[in-house]
Structures are given as C-alpha cells and as structure tokens.
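Enquirer: Here it is: the structure, laid out below.
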Amino acid sequence: MRDRNEEDLVRALRGAADDAPEPVGDLPTAITERRRRRSHRRARSVLAAAAVLVVIGGGTAVARDVFPSGGGEGVSITGAAADPSSPVADPSEAAGKTPEVSVDPVAEVWPKAVSTIPAKAADGWKYRPITGLSATELLLTAESSFEKAGRLEVYDTAARKSTVLAEMPGPPGVKGYFVQGVEVGADSIAWWGETPNNRDEWADFWVVPRTGGTARQVGEVTGAQAHVERIGVTADFVFWSVRAGGVYRMPLTGGSPEYITGTDGLHLLSWPWAFDVANGREGEDWDRNQTKLFNLETGQTTVVNAPDGARGLRCGPAWCFGASGDESIVQRTDGSDRRTLPGLSNMMEHTPLAGRFAFFSLSGVTGRDAAGEEIEDAHAPLAVVYDPVTGRTAGVGKRNPSGGGGIGTGTSSSPTSIIYWDEDRRQVEECKVEDVSSVPASPRDPAPTGKTRVCSTTEKGGGKELTVVNLLAVPPTE
Amino acid sequence: MQQIRPPNRPWDVEFTDFVAARADALYRYGYVLTGNAEDAADLTQEALMRLGDAWPRIRKRDDPEGYVRTTMARLHISVWRRLRRERLVAAVPERAYDDRAGDDTGLWNELKGLPPRQRAVLVLRYYEDLSDKEIAEILGVSRGTVRSQAARALDKLRVRVTALETGRV
Numbered sequence: 010m011r012d013r014n015e016e017d018l019v020r021a022l023r024g025a026a027d028d029a030p031e032p033v034g035d036l037p038t039a040i041t042e043r044r045r046r047r048s049h050r051r052a053r054s055v056l057a058a059a060a061v062l063v064v065i066g067g068g069t070a071v072a073r074d075v076f077p078s079g080g081g082e083g084v085s086i087t088g089a090a091a092d093p094s095s096p097v098a099d100p101s102e103a104a105g106k107t108p109e110v111s112v113d114p115v116a117e118v119w120p121k122a123v124s125t126i127p128a129k130a131a132d133g134w135k136y137r138p139i140t141g142l143s144a145t146e147l148l149l150t151a152e153s154s155f156e157k158a159g160r161l162e163v164y165d166t167a168a169r170k171s172t173v174l175a176e177m178p179g180p181p182g183v184k185g186y187f188v189q190g191v192e193v194g195a196d197s198i199a200w201w202g203e204t205p206n207n208r209d210e211w212a213d214f215w216v217v218p219r220t221g222g223t224a225r226q227v228g229e230v231t232g233a234q235a236h237v238e239r240i241g242v243t244a245d246f247v248f249w250s251v252r253a254g255g256v257y258r259m260p261l262t263g264g265s266p267e268y269i270t271g272t273d274g275l276h277l278l279s280w281p282w283a284f285d286v287a288n289g290r291e292g293e294d295w296d297r298n299q300t301k302l303f304n305l306e307t308g309q310t311t312v313v314n315a316p317d318g319a320r321g322l323r324c325g326p327a328w329c330f331g332a333s334g335d336e337s338i339v340q341r342t343d344g345s346d347r348r349t350l351p352g353l354s355n356m357m358e359h360t361p362l363a364g365r366f367a368f369f370s371l372s373g374v375t376g377r378d379a380a381g382e383e384i385e386d387a388h389a390p391l392a393v394v395y396d397p398v399t400g401r402t403a404g405v406g407k408r409n410p411s412g413g414g415g416i417g418t419g420t421s422s423s424p425t426s427i428i429y430w431d432e433d434r435r436q437v438e439e440c441k442v443e444d445v446s447s448v449p450a451s452p453r454d455p456a457p458t459g460k461t462r463v464c465s466t467t468e469k470g471g472g473k474e475l476t477v478v479n480l481l482a483v484p485p486t487e
Numbered sequence: 413m414q415q416i417r418p419p420n421r422p423w424d425v426e427f428t429d430f431v432a433a434r435a436d437a438l439y440r441y442g443y444v445l446t447g448n449a450e451d452a453a454d455l456t457q458e459a460l461m462r463l464g465d466a467w468p469r470i471r472k473r474d475d476p477e478g479y480v481r482t483t484m485a486r487l488h489i490s491v492w493r494r495l496r497r498e499r500l501v502a503a504v505p506e507r508a509y510d511d512r513a514g515d516d517t518g519l520w521n522e523l524k525g526l527p528p529r530q531r532a533v534l535v536l537r538y539y540e541d542l543s544d545k546e547i548a549e550i551l552g553v554s555r556g557t558v559r560s561q562a563a564r565a566l567d568k569l570r571v572r573v574t575a576l577e578t579g580r581v
C-alpha cells in the first residue's frame, strides 16, 4: 500500500460525500411531517418572549378583493355572538357566502385603546410591547438584537413619548442570557431570565420599583426549580410556577427558594390566581378543562362549572373561554352567562387577555370560486378581540394581500393587555424560473435539464411604527 | 371548521425554506460522519428537528447551518457512545464496497473501523476544514484531546501527517 497523506483523506471524504447513496425518502417532506405530527405535543416557544402569532392564509389561491369598496372598513358581515342556533359558516361548503361574524375595526370599536408607537427607540433598539400599565401607559422592552431585551421603557400614549424605566443588565459572567417574562406587580416590576441556548437548568429573577430605578437581581435557581413558567411579584416576594406544576417563592431581599405547600400541580395564571391546567401551548392539557381557580393570597378556591361537552375551558377570575363542538363558548366561572360564539373558533390565546377578552384568528375565507379555489377576503381583519361584558367584537391586524399575516401579543408573564402589529409589513411570495442545473442534485444521476419554478416567502416593508391595542383602555362596561 | 389549535409559527415558513435548500448538503455531511445512508438520514432528520425547535432563536442570532452541523457532530458521538459495543464488533472494514471512484486508497472503508470521536475529529478537520480549536468547541472536549484523537486516528489509518499539521491552532 502506498504512503497516504492528509490530501488523500480529504479526497476520500469529499468523494464519499459526493457519491453518498440517495437517502430513503425525501428529507424536507419527512421533517415537515414529523414537525406537523408532534406540533401539538411540543409547540412550546423556546424563548418565552417569542409571541408573534401568525394567521396562515386560508385561501389556496391568491386572495381577492371580495369587497372592492371596503378598503380599511370592517367587513360588513353580521351575526356575532348572537343567536346560538344560527348556522355557523363552513368555509369548505359555503360557496359565495360570507362568514357570520360582524367585525368592525378596533379603531372604531374602541378608539381610545388604539395608538401607534415608534417601532424603534432613538438609538435604534427595537421595541417589543409587554403589557399595559394603565389606559395610557405601555410597558416595552427595547432590544439590542433579536429578543435580547436590554432596557425597560414606558410609552405614554397621550404624550406620545417614551421614558426609560430601568436597564436590564443581565447577571455578570453569564453568557447567552435572555430576559424572559416580565411581570407587573402593584409596587414593582419583576422579570426572570435564563440561558435558553444551553442545557443548563438555571434561571434568575430581577426586580425594579414600578417608578423606575436600578434593577436588582433577587436570586438564582437551578434544577427543576429553574423550569420557570410564569411569575408573580408582591411587596415581599417573587413567586413562580414551574412547567411540571407547583409554585415557589423567594424573598425580594434574596435567600433560598421555598416551595409553597399545597400547590402541587398548580400553575400561575396571574398573581394571586393559579389554576390546575398547564400554561401556554404545551399541549398535553390542551383539551382538558380547568376545574378550579385558586387565590394563593387568601386560600380561596373557586370551582369552575363546565358544561357537558366543553373542551379546553380556561378561566380568569371572572370569565372563561373554551370550545364545545366546533364553536367557541364563553361563560362566567359559575357557568352563568353562557354563550356560543358563532364564526369564532380559532382561539389564539387560551387565557383571557387582561382577564376579560378572548382573541381569535379569522380565516377570511368567504367561499369558493368556480374552480373550487377558496376565496379569501383581503380586507377581512386578521384576528378578532371579543369582549364578553358588552358582546362586542373588534377586528385587529392587517391581512397580507396574499392572505394571512402576523400579529403579536405582549410578552408579559401574566396574560397581556396588548395586541400589536405592523401595518406596513407584509409577506410576499416571490417565484422565479431557474435553470434546473442550478438546483443541487446527486452527481450519480443524469444531469437534469429544463426550467423549474423556485418560490420563497419574505417579509417586506414595515419596521417604522407599531399599531398597539391596549385593552386596559377599553371602558369597563362600554 | 377549524378546531382550537396552537397557532402556526411564523418562523416555520423560513425554516422550511432552509431545510429545502440545505437538506441535501447536510445529509452528505451526515453520510461522511456516520459512514452509512441510514444513519446519515436519521442524524440529519434529528438535527433538523432540533433546529426547527430552536429556529426562532437561532435564525437571527446565529448561523443555522453551523448550529445544525454542530448538533449532528454531537449527536453522532453520543449515539455512537451508546451503541459502541455492537459497532465495535461490526467494525472490521468490509472490502465489498471498496475501490470507489476517487478513493483508490481504501481510506473510506477503513474510516469505519475508527471510534466515533476519532472519526468525528477527522471529519471536522478534513471535511469541514475546521481548526482544532473550533473542533474542541463543537465536541465539547479540550484542544489537547482533539489533537491526541486526531493523531491516534491518523496513525491507525497510516496517514502521514505533512506540513499541514504545523499550521493548526
């Protein structure tokens, strides 16, 4: 055997890669399938702060102007939360019919709740809304890079200006640290952070007075205690529930974490309230009904009265939302004021926003054309906020010309009061015809010839202003 | 009628584009790492699944391709660690699939006789063209270990180390 050198090794490896046998099955398809199958089980956002939701366009073809004169207006379609016996629109059958939801734009329904804020601070850091502090104050983080929160700011929607509340420095010496949920307490604002890109079971807690100042690290936790899900803050303690259930607390002055006896299986909703179903989009508890609501301050327990056939019922201190059959339902925790919500089915958040509102996406599909392609109304709002107190619905978000679109909710630990979007941002699918030879293929196959169509979807525009709906500005009974 | 379900994730769109564009190259890398098509497909799939989960934080902060290649290298050595006993039995170089075009040295087949970590070190060094420092970071070992593993592997394969070695950091 002749003498071998490193060049031979390089050649052997490259040659083998070039000659690799074709994999069994198509990898991209296999990945898509596997992700789809387990999306219910594992659809947890790795950064708890990643809260932009997306409504996938319902139309299989390009959306058309169903209401050419309706630009900017709400869709004039009727019957919201009205007669429970009225038939619910089935987009797959209702050729030419309109959805049975009456949705006016939020700017008409609750004009005081809508404001536009700059998308960036003066130094270029991007704003990410957290929640409303009051009817006219929005709590924001400013991010130096994607999801890297570095500063807490308060935006005054009346004065149209922002003030810095606190820097969010991160613990010294910790690499890859990211702030996660921010919680607004009566006197202070607390948050937790972790290092999501490594496998360390570690998290820490911070607190700053609500009036602003220098943020202070309360303490650090490790192991199962670091699987933080939601937090709460009082004058004396920071509280948190963990993903497996159970609530801990730590004094704001620091010290050891302490498990709160009797909280096995409980998850924080919004301090002092906790419930007995897993938070967020974890999935396993998806269809289970919440059975109780616990007040961890008073020890008081409220039993939820769920109707037969209800699924996924989630209650705040006053209102519950869930599903029954193909419809969404709303009721009070004791089962009173129960209604079905025809035409509203795809719930985007599972706990009531600001303790009161439900948030649904809207398909926008109004029927099918002669060729059987779904027709999507490009002017339909992307999503709908429903208020059980008044029964009103308000359209939010901006639909892409090609259907679907993106809309964000505030990233607070407790259910947020903020929904926001960028009016100017749109997703654009661009296709171009390329020579097949530019597409990678195995060198063992005969070289393909001809043209192929390659499409990709990109986001265009936007980045200047955010339209923000602060549900704290919706009058309590209006 | 749509059921209540988790919202679709915005990053899925771009993730799918990434997979469509890079799956082939990643599979080939997997093939060089593992030495067989079945393991390569498994490894690539698993690493891409993990990338998919991590996509929202990877995409804008890091380099997704680097992330997935690192995941593949780490998965490869961990899987091999677990299956080591069986694999060692089957590790005798097979001559049947020999003399492939471009490799008249038999090196490809002899690579199959190497322990996974040694193989990974060679693939990262000679296929991925990484420095020993980068390899150490990817595999989570010291630079000294990378050097000694590489030296042992090269010795076993009877590869003469030339001036290339001196330039390594």
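Residue numbers (our numbering), protein chains in the order written: chain A, 10 to 487; chain B, 413 to 581. Glycine is no exception: its CB is placed at the ideal position from the N, C-alpha and C atoms.
At a CB-CB cut-off below 9 Å, which residues of chain C make contact with isoleucine 338 of chain A?
Expert: Given the protein chain composition of this structure (A and B), no chain C is represented.
Enquirer: Using a Cβ-Cβ distance under 8 Å, would methionine 484 of chain B count as near chain A?
Expert: In the second sequence, counting from the first residue as 1, residue 484 of chain B sits at position 72. No, because no Cβ of chain A sits closer than 8 Å to the Cβ of methionine 484 of chain B.
Enquirer: Against chain B, does lysine 469 of chain A count as a neighbour if the rule is that its beta carbon must be under 8 Å from one of theirs?
Expert: Reading the first sequence from its first residue, position 460 is the one you call residue 469 of chain A. Chain B contact via Cβ: absent.
Enquirer: Would you mind working out which of B:Asp475, B:Ile489, B:Ile547 sits nearest proline 527 of chain B, comparing C-alpha positions?
Expert: Taking the second sequence and counting its residues from 1, the one referred to as residue 527 of chain B is at position 115. Looking at the Cα atoms, B:Ile489 is the closest of the given residues.
Enquirer: With DSSP as the reference, label threonine 497 of chain A as helix, strand or coil.
Expert: Nothing in the structure corresponds to residue 497 of chain A, since chain A is present only between 10 and 487.
Enquirer: If cysteine 329 of chain A and valine 313 of chain A are in contact, beta carbons under 8 Å, what's the gap, nearest whole angstrom?
Expert: For this step, residue 329 of chain A is matched to residue 320 along the first sequence. For this step, residue 313 of chain A is matched to residue 304 along the first sequence. About 6 Å; that satisfies the 8 Å criterion.
Enquirer: Does the stretch 168-177 of chain A come within contact of the stretch 473-484 of chain A, defined as at least 3 CB pairs closer than 8 Å?
Expert: As far as the Cβ criterion goes, the stretch 168-177 of chain A does not touch the stretch 473-484 of chain A, which means the pair count is below three.
Enquirer: Going by DSSP, name the residue or residues bridged to methionine 259 of chain A.
Expert: For the purposes of this step, residue 259 of chain A is taken as residue 250 along the first sequence, with counting starting at 1. According to DSSP, methionine 259 of chain A bridges with A:Val247.
Enquirer: Quick check on DSSP: helix, strand or coil for aspartate 213 of chain A?
Expert: Sequence index remark: in the first sequence, residue 213 of chain A carries index 204 (1-based). It is a strand residue.
Enquirer: Mind checking who threonine 129 of chain A pairs with in its DSSP beta bridge?
Expert: Counting from one through the first sequence, the residue named residue 129 of chain A turns up at place 120. Note on residue identity: the sequence assigns lysine, not threonine, to residue 129 of chain A. Note: lysine 129 of chain A sits in a beta bridge opposite A:Lys135.
Enquirer: Could you work out which residues of chain A lie near threonine 557 of chain B, taking near to mean beta carbons separated by less than 9 Å?
Expert: To locate residue 557 of chain B, count along the second sequence from 1; it is residue 145. The premise fails here: threonine 557 of chain B is roughly 20 Å from chain A at the closest Cβ pair, so nothing lies under 9 Å.
Enquirer: Just to make sure I have the definition right: I need the residues of chain B whose C-beta is within less than 8 Å of the C-beta of arginine 435 of chain A. Which are they?
Expert: Taking the first sequence and counting its residues from 1, one reaches residue 435 of chain A at position 426. Chain B residues near arginine 435 of chain A: none, gap ~13 Å exceeds 8 Å.
Enquirer: Skipping 5 residues on each side, what residues in its chain have a beta carbon closer than 6 Å to that of serine 191 of chain A?
Expert: Position 182 of the first sequence, counted from the start, is the residue given in the question as residue 191 of chain A. Correcting the residue type first, residue 191 of chain A is valine in the shown sequence and not serine. Hits under 6 Å: Ile139, Trp200, Ser421.
Enquirer: If you drop the 5 nearest sequence neighbours on each side, which residues of the same chain put their C-beta closer than 6 Å to that of leucine 534 of chain B?
Expert: Against the second sequence, residue 534 of chain B aligns to sequence position 122. So the list reads Ala565, once near-sequence residues are dropped.
Enquirer: Is the beta carbon of threonine 418 of chain A sitting closer than 8 Å to the one on glutamate 358 of chain A?
Expert: Translated into positions along the first sequence, residue 418 of chain A becomes position 409. Translated into positions along the first sequence, residue 358 of chain A becomes position 349. Their beta carbons are under 8 Å apart, which means threonine 418 of chain A touches glutamate 358 of chain A by this criterion.
Enquirer: Using the beta-carbon count (16 or more within 10 Å), is serine 354 of chain A buried or exposed?
Expert: To locate residue 354 of chain A, count along the first sequence from 1; it is residue 345. Buried is the call here.
Enquirer: Closest to valine 444 of chain B by CA distance: which of B:Leu551, B:Tyr538, B:Thr557, B:Phe427 is it?
Expert: For the purposes of this step, residue 444 of chain B is taken as residue 32 along the second sequence, with counting starting at 1. Answer by Cα proximity: B:Tyr538.
Enquirer: Where does threonine 409 of chain B sit, in a helix, a strand or coil, going by DSSP?
Expert: Because residue 409 of chain B is not part of the residues shown, which for chain B are 413 to 581, the question remains open.
Enquirer: Report buried or exposed for aspartate 544 of chain B, applying the criterion of at least 16 other Cβ atoms within 10 angstroms of its Cβ.
Expert: In the second sequence, the residue the question calls residue 544 of chain B occupies position 132. Aspartate 544 of chain B is buried by the Cβ-count criterion.
Enquirer: Mind checking which residues open and close the alpha helix (DSSP H) that includes threonine 557 of chain B?
Expert: Indexing the second sequence from 1 puts residue 557 of chain B at position 145. Note, threonine 557 of chain B: alpha helix (DSSP H), 555-568.
Enquirer: Tell me the rounded alpha-carbon separation between leucine 18 of chain A and valine 571 of chain B.
Expert: Numbered from its first residue, the first sequence carries residue 18 of chain A at position 9. Numbered from its first residue, the second sequence carries residue 571 of chain B at position 159. Cα-Cα distance, rounded: 8 Å.
Enquirer: Mind checking whether the beta-carbon of aspartate 541 of chain B lies closer than 7 Å to any heavy atom of the ligand GTP?
Expert: The model on display carries no ligand, and the ligand GTP is accordingly not part of it.
Enquirer: Are the beta-carbon atoms belonging to tryptophan 495 of chain A and valine 242 of chain A less than 8 Å from one another?
Expert: Lying before the first or after the last residue shown, residue 495 of chain A is absent from chain A, which here runs from 10 to 487.
Enquirer: What span of residues does the alpha helix (DSSP H) with arginine 320 of chain A cover, start to end?
Expert: Against the first sequence, residue 320 of chain A aligns to sequence position 311. Where arginine 320 of chain A is concerned, there is no enclosing alpha helix (DSSP H), although the beta strand (DSSP E) it sits in stretches over 319-324.
Enquirer: Report the rounded CA-to-CA distance for threonine 145 of chain A versus leucine 438 of chain B, giving the unit in angstroms.
Expert: Looking up residue 145 of chain A in the first sequence gives position 136. Looking up residue 438 of chain B in the second sequence gives position 26. About 51 Å.
Enquirer: Using a beta-carbon distance below 8 Å, is histidine 13 of chain A in contact with chain B?
Expert: As a working mapping, residue 13 of chain A is identified with position 4 in the first sequence. Contrary to the premise, residue 13 of chain A reads as arginine rather than histidine in this sequence. Yes, its Cβ sits closer than 8 Å to a Cβ of chain B.
Enquirer: Who are glutamate 267 of chain A's beta bridge partners in DSSP?
Expert: Indexing the first sequence from 1 puts residue 267 of chain A at position 258. Bridge partners of glutamate 267 of chain A: A:Arg258.
Enquirer: Just the chain B side, please: which residues come within less than 7 Å of leucine 22 of chain A by C-beta, in chain order?
Expert: Working through the first sequence from its first residue, we reach residue 22 of chain A at position 13. Chain B residues near leucine 22 of chain A: Val444, Val535, Tyr538, Tyr539.
Enquirer: List the residues of chain B that proline 30 of chain A touches, going by C-beta distances under 7 Å, in chain order.
Expert: One-based indexing of the first sequence puts residue 30 of chain A at position 21. Under the 7 Å cutoff, chain B gives Ala449.
Enquirer: Using only the alpha-carbon positions, how far apart do glycine 318 of chain A and glycine 334 of chain A sit?
Expert: If you number the first sequence from 1, residue 318 of chain A lands on position 309. If you number the first sequence from 1, residue 334 of chain A lands on position 325. Looking at the two C-alpha atoms, the distance is approximately 7 Å.
Enquirer: Report the three-state DSSP secondary structure of valine 193 of chain A (helix, strand or coil).
Expert: For the purposes of this step, residue 193 of chain A is taken as the residue at position 184 of the first sequence. Valine 193 of chain A falls in the strand class under three-state DSSP.
Enquirer: How should arginine 208 of chain A be labelled, buried or exposed, when 16 other C-beta atoms within 10 angstroms of its C-beta is the threshold for buried?
Expert: By 1-based counting over the first sequence, the position of residue 208 of chain A is 199. With fewer than 16 other Cβ atoms within 10 Å, it is exposed.
Enquirer: Reducing DSSP to helix, strand and coil, say where valine 123 of chain A ends up.
Expert: Along the first sequence, read from residue 1 onward, the residue named residue 123 of chain A stands at position 114. Strand.
Enquirer: For asparagine 562 of chain B, return the contacting residues in chain A, with the cut-off set at a CB-CB distance below 7 Å.
Expert: Numbered from its first residue, the second sequence carries residue 562 of chain B at position 150. The sequence shown places alanine at residue 562 of chain B, not asparagine. In chain order: nothing, as chain A lies at least about 10 Å away.
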